[in-house]
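If you're matching positions, the sequence shown starts at 7 in our numbering and goes up one per residue.
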Amino acid sequence: MGECPAIEGSGTLTGEPITGTLTFKSLITYINYACLGLTLILWLVLAIPHLRRYRAPDEQRPIFRIISTPLVFAIFALISVHVYTAAEYVDPIANLYEAYALASLFLLYVHYVVPEARNRNEFFRNLEAKARDGKPIRDGSIRWFMRIWRTVFFFVVIYTILIIVQEILQATGHVCSTTKKGKRGQIILSVLQTISMVYALLAILRFQRRLKKYMEGRRAIMKLISFKLFVAIQVLQRFIFSIVSTQVQGGAKVTHLDISIGLPALLTSIESLIFSVWFYFTFHSKEYQEVVDTGDKKYSMFRALLHALNPIDIIHGVIIAFTPGKTPSFGNHDQVSTIHHGATKPV
Numbered sequence: 007m008g009e010c011p012a013i014e015g016s017g018t019l020t021g022e023p024i025t026g027t028l029t030f031k032s033l034i035t036y037i038n039y040a041c042l043g044l045t046l047i048l049w050l051v052l053a054i055p056h057l058r059r060y061r062a063p064d065e066q067r068p069i070f071r072i073i074s075t076p077l078v079f080a081i082f083a084l085i086s087v088h089v090y091t092a093a094e095y096v097d098p099i100a101n102l103y104e105a106y107a108l109a110s111l112f113l114l115y116v117h118y119v120v121p122e123a124r125n126r127n128e129f130f131r132n133l134e135a136k137a138r139d140g141k142p143i144r145d146g147s148i149r150w151f152m153r154i155w156r157t158v159f160f161f162v163v164i165y166t167i168l169i170i171v172q173e174i175l176q177a178t179g180h181v182c183s184t185t186k187k188g189k190r191g192q193i194i195l196s197v198l199q200t201i202s203m204v205y206a207l208l209a210i211l212r213f214q215r216r217l218k219k220y221m222e223g224r225r226a227i228m229k230l231i232s233f234k235l236f237v238a239i240q241v242l243q244r245f246i247f248s249i250v251s252t253q254v255q256g257g258a259k260v261t262h263l264d265i266s267i268g269l270p271a272l273l274t275s276i277e278s279l280i281f282s283v284w285f286y287f288t289f290h291s292k293e294y295q296e297v298v299d300t301g302d303k304k305y306s307m308f309r310a311l312l313h314a315l316n317p318i319d320i321i322h323g324v325i326i327a328f329t330p331g332k333t334p335s336f337g338n339h340d341q342v343s344t345i346h347h348g349a350t351k352p353v
């Protein structure tokens, strides 16, 4: 078992009052409550119309996950501020949700480019791709597409493993900011998580840039910018505070825990509120008002919510990424297909 001794000055969860009886921890707790309340209201205003107009489930399920990201972060930020000692265990859960939301953004783009799942193999086979010598590549862009797909869903698995490892190492006292070895482990995990997140972001960006003409009228670039910026800020913020927490000790009024946990949680709550406002304009349900539902399924709000919460598309995405020969032709009926020399046969 590892052992992480407390930093001098960090044993006190609440510092001395900064004015009257108001401590820094109390102040940021009040602000976090206010931000969470407003973020929740904005989420309801955005999510409920999507559930009422659930006419394109393969698109709106990823959107639901994405627009829920600020709310998830605001909730866990408040928990972290309330219980400093639980922060190191609950914060990674929000980060893990962020990874699944990022994969959902990629799935949303795939649906934008080829709405009918059965046609995806044919589309990417016919999408011209050239080698470095300028000669056309056999089978078009299907291999390029699968590389992007595997990058995104390998990232989901790798990031999940990193979070699990982080939770275990923190619980056993092998990762912390109070010993040289613990600091090194903390920074290494943060670097690995940051690199994997950035790599997946770049893969999705390449997909969007190459196929942007197929996403015209869907505000795809604004969706990418708004969500990517939120993710980028969170990644950078985590990395910075993982280093800051190993260097500062805090004082009587603003303790080490206020700086290492309270301050980043406060920033996250404020950022979640700001991006909830932005998401209202980039992920609004208005575009689904005129969508004609040609499927057999009719969704009540409750059924729409259950469908939106169902992670089967992420699970399928991971299975495809790790199964040679599989191609992502699931969607309308959640099916998986295999390449058979240009033909697509359901499995």
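Quick reminder that beta carbons are idealized off the backbone N, C-alpha and C, glycines included. Values in this document were obtained by computation on a predicted structure and should not be read as measured data.
query, result
"Got a sec? Which residues, its chain only, sit under 7 Å from Asp302 by beta carbon, not counting five neighbours each side?", "Reliability fails at Asp302, whose pLDDT of 46 lies under 50, so the model's placement of it is uncertain and no value is given."
"With a cut-off of 8 Å on the beta carbons, I'd call Phe79 and Thr274 a contact; round off their distance for me.", "5 Å"
"With a cut-off of 8 Å, do at least 3 Cβ pairs link the segment 226-245 to the segment 192-209?", "yes"
"Using alpha carbons as the reference points, say which of Glu94, Lys259, Thr157, Leu84 lies closest to Leu113.", "Thr157"
"Arg71 and Ser110 look like a contact to me (Cβ under 8 Å); what is the Cβ gap, rounded to whole Å?", "4 Å"
"Is Pro23 close to chain B? Criterion is C-beta to C-beta, closer than 8 Å.", "In the structure shown, chain B does not exist; there is a single protein chain."
"Can you tell me which of the three DSSP states Pro63 falls into?", "helix"
"Once you ignore the five residues that flank Gly146 on each side, which residues in its own chain have a CB closer than 7 Å to its CB?", "Phe130, Arg131, Asn132, Leu133, Glu134, Ala135"
"Taking DSSP's pairing of strands, which residues face Pro76 in a bridge?", "DSSP lists no partner for Pro76."
"Assuming Leu84 and Asn38 form a contact by the criterion Cβ under 8 Å, report the distance between their Cβ atoms to the nearest whole angstrom.", "5 Å"
"Is Gly256 helix, strand or coil by DSSP?", "strand"
"Hey, out of Gln240, Ala327, Gly268, whose CA is closest to Ser251's CA?", "Gly268"
"Using 8 Å as the Cβ pair cut-off and three pairs as the minimum, do the segment 169-176 and the segment 202-217 touch?", "no"
"Applying the criterion that 16 or more other CB atoms from any shown protein chain within 10 Å of the CB defines a buried residue, is Met152 buried or exposed?", "buried"
"When the Cα atoms are used, what is the spatial distance from Thr91 to Ile280?", "27 Å"
"Mind checking Asn101: buried by the 16 CB within 10 Å criterion, or exposed?", "buried"
"What did DSSP end up calling Thr20 once you bin it into helix, strand or coil?", "coil"
"Considering only DSSP beta bridges, list what Leu28 is partnered with.", "Thr25"
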